[in-house]
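Note that this note's numbering has the sequence shown beginning at 11, numbered continuously upward.
Note that the Cβ used here is the ideal one computed from N, Cα and C, for glycine as well.
For clarity, every value in this text was computed on a predicted model and none was experimentally measured.
All remarks here apply to the structure that follows.
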Amino acid sequence: MTTEFAGPRTAIVTGGAKRIGAACARALAADGWHLLIHCDRSVDEAQALADELGNAAIISADLADPAAPERILAGLAGLPPARLLVNNASLFAYDGVDDFTPEQWDRHQAVNVRAPALLSRAFAAQVPGGGALIVNLLDAKLAQPNPDFFTYTVSKMALAGVGELLARVYAGRGIRVCGIAPSVTLVSGPQSRANFDDVHDLNALRRGVDVSEIVAALRFIVATPTLTGQTITLDGGQRFLGLPRDVQFLENR
C-alpha cells in the first residue's frame, strides 16, 4: 500500500454483492480496506459477504433512482473516510440498433452513466484531503465496437467519457480516475454456459479473461499513485480480430 492511502480508509464497491464486485471487495478487504458494499436486490448476498469480511457494511439502492448516490454515501456513517470508489454495477440487457426502446435507453443511461457520474461527484465532495481514487468498470468492446447490446454499449462509451473528463477535473484535488475494461469474463445476459465455454478464449492470445486479472488490475491502479485518466483493457488481443458481433453470437473456430 502506498502512502497515498495510509491509515483507516473505506472503499465503496457498487454491485459488490456478487461476481466481479464481490471479488474486488474481498481483495480490498484483504489489503486493509473497510468496505461499503452496495447492492440493489441482492441484500442477503451482500450481508453474507459483509459478515465474511468483518470490516464491511452494506447499502441497498436502485441506481436508476437519482437519489441513489446520496443514499449510498449516507451508508458511510460510522466507517473511516471513503478514499476509493469502484463503479462496478452495470445493467447489461440485449437490444440492437433497429429494436432498442426509449425505456431501455433511459435505464441503461441512468444505471450505467448517470449513477456513477453522480456518485463520483458526491464521493469527490466528501474526500477529506489527500489522495483518492475512482475506478470505473468498462468493457473491452469499446476498443473494437460492434452493434450488439446497443444501448449498453452506448452507455459504456458515455461512462468512458465521464471518466476522462473527471480525471482532468479532479487531478487538481489529488483524486485519480481510471478504468478497467475486460472482455467476456463470466456468463452474462442471455449467454449459456456452453456458449461461454466455447467463446471465452476467442481472442488473439487464445486466453480467456479471469476475474483474478480484474482484481490484479484494480490492485495495480490502487498501488500506482501517478496513474490517472487511463483504462486497462483486458481482452487477450480480441480487438485485433475486428469481430463483427459480440462473441456470444460467433463460433470459436
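Margin query: On the CB-based measure, 16 or more other CB atoms within 10 Å of its CB, does L143 come out buried or exposed?
Written below: buried
Notebook entry, point to check: Rounded to a whole number of angstroms, what is the C-alpha to C-alpha distance between L309 and R216?
Noted result: For the chain, the structure presents residues 11 to 263; residue 309 sits outside this window and is missing.
Notebook entry, point to check: Which of the three DSSP states, helix, strand or coil, is assigned to T192?
Noted result: Per the sequence presented here, residue 192 reads as Pro, with Thr not at that position. In this structure, P192 counts as strand in the three-state DSSP scheme.
Check: What separation, rounded to the nearest whole angstrom, lies between the Cα atoms of E80 and L129?
Finding: 7 Å
Margin query: Can you tell me whether R124 is helix, strand or coil according to DSSP?
Written below: helix
Item checked: Those residues which DSSP pairs with C34 across a bridge -> Partner(s): none; C34 has no beta bridge.
Next item on the list: State the beta-bridge partners of N98 as determined by DSSP.
Entry: BP columns for N98 are empty, so no partner.
Next item on the list: Look at the alpha carbon of A132 and the alpha carbon of L83, and state the distance between them as a whole number of angstroms.
Entry: 7 Å
Notebook entry, point to check: Which value, in whole angstroms, describes the spacing of the CA atoms of N65 and W43?
Noted result: 8 Å
Margin query: If contacts are defined as beta-carbon pairs under 8 Å, then V107 and P155 qualify, I think. What distance do you get, rounded to the angstrom?
Written below: Their Cβ separation, rounded to whole angstroms, is 12 Å, which puts V107 and P155 out of contact at 8 Å.
Checklist line | Outcome for A35 when other beta-carbon atoms lying within 10 angstroms are tallied against a minimum of 16 | finding: buried
Next item on the list: In the DSSP assignment, find the unbroken beta strand (DSSP E) run with T241 in it and report its ends.
Entry: T241 to L244
Notebook entry, point to check: In whole angstroms, what is the alpha-carbon distance linking R124 and D116?
Noted result: 10 Å
Notebook entry, point to check: Once you ignore the five residues that flank R249 on each side, which residues in its own chain have a CB closer than 6 Å to its CB?
Noted result: A153 and Q154
Margin query: Using DSSP's beta-bridge definition, name the partner residues of T236.
Written below: T236 is not bridged to any residue.
Margin query: Please report the distance separating the alpha-carbon of M167 from that of G182.
Written below: 25 Å
Margin query: Judging by CA-CA distance, which residue of I22, V145 and D75 is the nearest neighbour of A92?
Written below: I22
Next item on the list: Take the Cβ of F160 as the centre, count every other Cβ of all protein chains shown within 10 Å, and call the residue buried at 16 or more, exposed below.
Entry: buried
Check: Which residues share a DSSP beta bridge with A27?
Finding: Paired residue(s): none; A27 is not in a bridge.
Next item on the list: Identify which residue in A33, A214 and A71 has its Cα closest to the Cα of D50.
Entry: A71
Notebook entry, point to check: What does DSSP give as the partner residues of A67 in its beta bridges?
Noted result: L46
Item checked: P76 to A120 span [Cα, whole Å] -> 8 Å
Note to self: Whole angstroms are fine: how far does the CA of R229 sit from the CA of M11?
What the structure shows: Confidence in M11 is poor, its pLDDT being 47 and thus under 50, which makes the residue's placement too unreliable to answer from.
Item checked: Segment contact, 8 Å Cβ cut-off, at least three pairs: the segment 240-248 with the segment 186-202 -> yes
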